[in-house]
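Presented below is the structure to which this report refers.
There are 2 protein chains.
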Amino acid sequence: MIYIAGMDDHTDRTRKPRADAVRNRELVLEAAKVVFNAGGPEASLEAVAKRAGVGIGTLYRHFPTREDLFEAVYRREVEQLSEFAEQLKNAKDPVDALRRWLRSGVEFVATKKGMVAALALAVQSGSELHAFSFDRLTKATGSLLDRAVAAGEMRADISPEDLLRAFFGMCYIHDQPGWQSTALRLLDVFVDGLRVQPVAKPKAHTTKRAKPAAKPKR
Amino acid sequence: MIYIAGMDDHTDRTRKPRADAVRNRELVLEAAKVVFNAGGPEASLEAVAKRAGVGIGTLYRHFPTREDLFEAVYRREVEQLSEFAEQLKNAKDPVDALRRWLRSGVEFVATKKGMVAALALAVQSGSELHAFSFDRLTKATGSLLDRAVAAGEMRADISPEDLLRAFFGMCYIHDQPGWQSTALRLLDVFVDGLRVQPVAKPKAHTTKRAKPAAKPKR
DNA sequence: TTGTTAAGCGGAGGCTGCCTCCGTATCTTC
DNA sequence: GAAGATACGGAGGCAGCCTCCGCTTAACAA
């Protein structure tokens with residue numbers, strides 16, 4: 001078989017992916033979304049496979065680990081969330097923009113029961129697979145945070161990662177009756193804390209600030 | 001059998017608990033502490049039983065659920081933590097006292113790998129069993145918080161429960177390389193946010209404050 | 001079309017952990 | 001020492017995880 005230069009349709013001489021494989025992947029994803037949103041992140045993978053109408057083996061071939069499946073299911077949602085940040089970049093008040101973004105995050109979490117676990121995955125432990133979500137969210141947060149810092153309204157020693165973790169932490173209590181209002185309240189406090197303090201504090205706090213959050217190598 | 005008033009040794013006419021039962025309970029607790037601290041809260045209960053040198057049935061009789069065991073294991077630690085709060089009540093600067101308490105909490109979590117799960121249990125979901133830990137911690141937090149509020153240094157619309165949840169949330173990312181410094185930084189920001197803002201904000205934020213955290217009925 | 005072959009399918013089966021149940025052993029009490 | 005209450009332990013049933021491999025099917029070439 002001769003490779004024809006310039007033939008850029010599918011640049012590599014690889015077989016087209018099988019139609020059934022593509023279809024099944026989609027079926028699994030759809031089923032997983034339903035099952036995870038209903039039963040939480042602990043839900044049985046066999047249940048997902050059954051709902052999708054595929055064998056358990058098929059599920060595992062497409063998504064070798066539970067986390068893979070998770071990431072795939074919530075990728076779209078994460079993307080949505082970061083797009084909202086994009087929009088907010090044009091808001092007048094940068095602090096308010098950040099605040100609003102965080103608040104919208106709470107709402108997001110509220111509607112998707114599995115979302116917290118997805119965020120956990122994105123924010124937590126430096127495994128490989130969650131890279132996408134983590135990057136997206138970090139960038140989204142960063143763009144809002146940076147603006148506020150540049151405007152001189154916020155302290156500069158909190159990294160986007162830090163903020164993300166704080167956000168996540170505050171949403172983590174998401175299976176209590178009134179968790180939403182709690183989370184919103186806590187986030188407000190946090191954002192207030194992020195503001196550059198208008199006057200010197202009465203007592204200089206010597207709790208030494210950590211050096212500006214070392215960016216994770218990546 | 002005649003009940004003798006004033007005989008206050010064991011006030012009720014019940015059998016003395018069996019010696020082996022008492023011993024086994026202790027063995028299980030000790031084993032659980034080791035296993036949980038090493039393997040995290042997911043660790044196998046059968047492993048605990050094996051380590052304790054008792055049958056799995058014995059373990060379950062003493063601690064019908066995993067949570068029961070958890071609570072028992074970390075009860076002492078929780079107590080210690082709240083005692084520290086007690087000491088701090090005499091500190092001069094109430095804001096600083098609170099800050100220090102939270103920070104010490106981070107250290108605590110750092111040394112006990114299972115501690116976060118224990119806190120989660122205490123802070124999360126209103127099941128029955130965690131009442132003790134939750135109460136202890138709420139009171140500890142409350143006493144410090146109240147003092148700061150009374151001194152006019154902190155806003156009054158955050159309940160001890162809220163604060164506890166925030167603390168927990170920030171510790172939740174406890175399996176990352178640098179999580180400790182992150183958590184400390186985040187807590188500092190949060191405490192700053194809690195302070196009564198010295199001057200009116202440049203732009204009145206209309207994000208309406210939730211009504212002063214309704215105390216959970218209990 | 002048809003044949004070839006890589007890719008994908010599915011579920012049996014091995015494994016681990018959860019939890020219950022009950023015959024047996026041990027301790028307390030008298 | 002005997003009786004009776006209490007606790008012990010682990011077999012066994014169940015569920016979920018994940019792997020492995022014989023069978024099926026879609027893509028491609030001719």
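Sequences listed follow chains A and B, in order.
The first sequence maps to residues 1 to 218 in the UniProt record's numbering.
The second sequence maps to residues 1 to 218 in the UniProt record's numbering.
C-beta: ideal position from N, C-alpha, C; glycine also.
- The beta carbon of B/Ala166 lies closer than 7 Å to those of Phe190 in the same chain, with the five residues before and after it left out.
- If you draw a 10 Å sphere on the C-beta of A/Gly53, you find fewer than 16 other C-beta atoms in it, and that means exposed.
- The DSSP-derived three-state label of A/Arg18 is coil.
- If you compare the alpha carbons of B/Val28, B/Arg66, B/Leu121 with that of B/Lys50, the shortest gap goes to B/Val28.
- Taking C-beta separations shorter than 7 Å and ignoring five residues to either side along the sequence, the partners of B/Val35 in its chain run Ala43, Ala47, Val48, Arg51, following chain order.
- For A/Leu186, the closest Cβ of chain B is nearer than 8 Å.
- Under the 8 Å Cβ criterion, the stretch 145 to 153 of chain B does not count as touching the stretch 58 to 75 of chain B, having fewer than three qualifying pairs.
- Put simply, the backbone Cα of A/Ile158 is about 25 Å away from that of A/Glu77.
- Where A/Pro160 is concerned, the enclosing alpha helix (DSSP H) starts and stops at 160 to 171.
- Annotation: B/Asp146 has no Cβ neighbours in chain A at a cutoff of 7 Å; minimum Cβ distance is about 17 Å.
- The bridge partners DSSP lists for B/Arg195 are B/Met154.
- One finds Val189, Asp192, Gly193 in chain B with Cβ atoms closer than 9 Å to the Cβ of A/Leu194, taken in chain order.
- Rounded to whole angstroms, the separation of the alpha carbons of B/Ala131 and B/Ala122 is 7 Å.
- Against chain A, the CB of B/Ile56 has no partner CB under 8 Å away; the residue lies outside that interface.
- Rounded to the nearest angstrom, the gap between the Cα atoms of A/Arg155 and A/Lys139 is 18 Å.
- Assignment of A/Phe190 by DSSP, reduced to helix, strand and coil, places it in the helix class.
- By the CB criterion at 8 Å, B/Gly169 and A/Met170 fall inside the cutoff.
- Interface with chain A (8 Å Cβ-Cβ cutoff): B/Met115 is excluded.
- The shortest CA-to-CA distance from B/Gly114 to any of B/Lys16, B/Pro177, B/Arg195, B/Gly40 is the one to B/Gly40.
- Listed along the chain, the chain B residues whose CB falls inside 7 Å of the CB of A/Val123 are Ile173.
- Residues of chain A with a Cβ closer than 7 Å to the Cβ of B/Ala166 are, in chain order, Met170, Leu186.
- Looking at the backbone, the Cα of B/Asp135 and that of A/Lys89 are separated by about 43 Å.
- The beta carbon of B/Thr182 sits closer than 8 Å to some beta carbon of chain A.
- Here B/Ala118 really is in contact with B/Tyr74; their C-beta atoms are around 4 Å apart, less than 8 Å.
- Interface annotation, A/Gln197: in contact with chain B, CB-CB separation under 8 Å.
- Listed along chain B are Thr182, Arg185, Leu186, each with a C-beta nearer than 7 Å to that of A/Asp162.
- Residue ranges of uninterrupted alpha helix (DSSP H) with 4 or more members, entirely inside the stretch 95 to 149 of chain A and ordered along the chain, are 115 to 123.
- With respect to B/Glu153, B/Arg195 sits close: the two C-beta atoms are nearer than 8 Å.
- Assignment of B/Glu42 by DSSP, reduced to helix, strand and coil, places it in the coil class.
- B/Gln87 carries a helical assignment under DSSP once its states are collapsed to helix, strand and coil.
- By a beta-carbon distance limit of 8 Å, A/Thr141 contacts A/Leu163. Their separation comes to about 5 Å.
- The C-alpha of B/Ala32 lies about 26 Å from the C-alpha of B/Leu102.
- The C-alpha of B/Arg99 lies about 15 Å from the C-alpha of B/Gln180.
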